[in-house]
């Protein structure tokens, strides 16, 4: 059985945003102790000790008489000892797994010392999460939402009755320009909301927000204060009230019955002429990635003589059943509601593009007894680390055609809904989808990608210049490691040849697609052969190859591949894999029958 036979090796598909440049490797990598010992992150304590002993026999300074090799061995032996020292201790290993090499320089106080490795990792992960939340809190002190609704229906369909002199000037016909058409745009509504949150004590937050709405020249605003308190991991209560008229009070509670089940209740008090409307939700995790829920809304109701009569009620009861979930870059929600005045069936699905994780596409529809049939299609894209831009189109048989543009950055969002037509217009709906999609594609292909490619190429060139000494040092260390491995690898190759085992004929690493004259590849035949044990190639995934003894990065910032030509059972084979854990993992640790 061929160690590489029947192995699924996906093509190396370049990231559409990276333009053949490996963004994650633009900066010099820190030491990967797992790669130094050539073990996976899931390695047991015994595997760590065995790998340490095997490498110590090869790189121990006393094993080499040549002064140059002895000095190089001392350096490698020090790194191997450091890796073993970190990974052999459960607590330092948990810190390293969570925070990397920088975490080892910080003094951590974590609960009791008698914890399992899994408990330690969970504790350090919690500390890291809290630290990230505090850093984000320092960036985002408030939230601001602005919504400006525009009506452009008269731009595309001006149905006003023309005056007797329309289009003429003393008997001469005048042309209507695009600017004249755009001038018929109306601002229908402007809505602004701002809020900020402050921590009063452990588990208690105060949220103060203000909102303002203006419609057709008239509007109003209010200030809302909310006090939220978390009693324990199962119970959370919120109390809020508006400070100006009309005054509205809200009481909300969430209780987790168990890790799989929760109950939420909300009461909204507008006046004391009747019991407050209630909204109650019961939810339960039904599969690994899906949660089912049931929501009952009482609407306005009466308790004996306390409350409005049925004919005077404006809000009526309803019952909704739904399910929501997410898995592997996809999320969905389906809901069916039955009510006295309004019933609906809605479906929503969101996809994250496999080759562009910064882009999401959303498709949904709604069938309602009051609004008829509506459908929406939208997409949003993360254009910078903290900025996201979205565009959606909504079409309804009774609701017409509208588009919505949204920009969100660090809790600040601006939304602009634009009504294109109050009636269903198939041609307008088609162009509302196609025109923005074509414009976005042209902008992406014609400007954004070329600009990003140029910027990254310039950055790579600059980083190679700045880190020239580092790159040269890495190459020198790799050459020293190859020299130290040469004798032991020669003996191993002879052993494998004698039993028709796995013999690495040639292994090269780097940018295989570049011109050979550019010297963007390096020979790693000896380091790869050193990873063969009993006709088994042990190259753990999830680590950078540059940390394996004898490897170095010959083309900082570019996509790299590993090409291996090998002999097995007197048959010559060749395999090319991308420098990613998802591709390396399937070919590692293939055992002979």
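In my numbering, the protein residues as written are 31 to 623.
Virtual Cβ for every residue (Gly too), placed ideally from N, Cα, C.
Have a look at residue i and residue j and give me their C-alpha separation to the nearest angstrom.
i, j, result
"residue 407", "residue 464", "11 Å"
"residue 360", "residue 373", "27 Å"
"residue 307", "residue 382", "38 Å"
"residue 555", "residue 85", "18 Å"
"residue 366", "residue 350", "6 Å"
"residue 177", "residue 265", "34 Å"
"residue 552", "residue 539", "5 Å"
"residue 67", "residue 508", "15 Å"
"residue 488", "residue 420", "29 Å"
"residue 113", "residue 297", "58 Å"
"residue 209", "residue 223", "32 Å"
"residue 127", "residue 71", "8 Å"
"residue 270", "residue 397", "34 Å"
"residue 125", "residue 134", "7 Å"
"residue 116", "residue 129", "13 Å"
"residue 227", "residue 321", "29 Å"
"residue 352", "residue 247", "39 Å"
"residue 90", "residue 104", "7 Å"
"residue 583", "residue 521", "27 Å"
Within 10 angstroms of its Cβ, does residue i collect 16 or more other Cβ (buried), or is it exposed?
i, result
"residue 598", "buried"
"residue 491", "exposed"
"residue 83", "exposed"
"residue 229", "exposed"
"residue 413", "exposed"
"residue 476", "exposed"
"residue 400", "exposed"
"residue 94", "buried"
"residue 549", "exposed"
"residue 588", "buried"
"residue 261", "exposed"
"residue 279", "exposed"
"residue 460", "exposed"
"residue 531", "buried"
"residue 263", "exposed"
"residue 234", "exposed"
"residue 216", "exposed"
"residue 63", "buried"
"residue 158", "exposed"
"residue 604", "exposed"
"residue 506", "exposed"
"residue 625", "With the chain covering only 31 through 623, there is no way to say anything about residue 625."
"residue 524", "exposed"
Going by DSSP, which residues form a beta bridge with residue i?
i, result
"residue 453", "Answer by DSSP bridge pairing: none, since residue 453 is not bridged."
"residue 226", "172, 238"
"residue 255", "238, 271"
"residue 288", "291"
"residue 392", "380, 408"
"residue 327", "309, 348"
"residue 368", "349"
"residue 594", "537, 605"
"residue 356", "361"
"residue 551", "540"
"residue 434", "422, 447"
"residue 113", "Note: residue 113 sits in no beta bridge, so no partner."
Leaving out five residues before and five after residue i in sequence, what residues of the same chain have Cβ atoms less than 6 Å from its Cβ?
i, result
"residue 416", "439, 440"
"residue 283", "267, 295"
"residue 378", "363, 394"
"residue 518", "88"
"residue 211", "185"
"residue 179", "218, 219, 447"
"residue 333", "305"
"residue 174", "224, 442"
"residue 544", "550"
"residue 286", "264, 292"
Using a Cβ-Cβ cut-off of 8 Å (strictly less than) and excluding sequence neighbours within five positions of residue i, which residues of its own chain qualify?
i, result
"residue 337", "303, 304, 305, 330, 331"
"residue 347", "326, 327, 328, 329, 331, 369, 370"
"residue 251", "240, 241, 242, 243, 274"
"residue 389", "382, 383, 409, 410, 411, 412"
"residue 1", "Residue 1 lies beyond the stretch modelled for the chain, which goes from 31 to 623, so this question has no answer here."
Would a check of beta-carbon distances place residue i closer than 9 Å to chain C?
i, result
"residue 173", "You won't find chain C in this structure, because it holds only one protein chain."
Which same chain residues, not among the five before or five after residue i, have their C-beta less than 7 Å away from its C-beta?
i, result
"residue 455", "431"
"residue 512", "556, 557, 580"
Can you tell me whether residue i sits near the ligand COA, meaning its C-beta is under 8 Å from at least one heavy atom of the ligand?
i, result
"residue 323", "Although the ligand COA was asked about, the structure shown includes no ligands whatsoever."
- [ ] Evaluate contact between the segment 311–318 and the segment 285–295, counting only Cβ atoms and requiring at least three cross-stretch pairs below 8 Å.
- [x] Here the segment 311–318 makes contact with the segment 285–295; the two share three or more CB pairs at distances below 8 Å.
Open item on the list: Pairs of beta-carbons, one from the segment 443–462 and one from the segment 492–502, closer than 8 Å: are there three or more?
Closed with: Verdict: no, contact absent.
TODO: Would you be able to state if there are at least three C-beta pairs under 8 Å between the segment 477–489 and the segment 552–566?
DONE: No, they do not touch.
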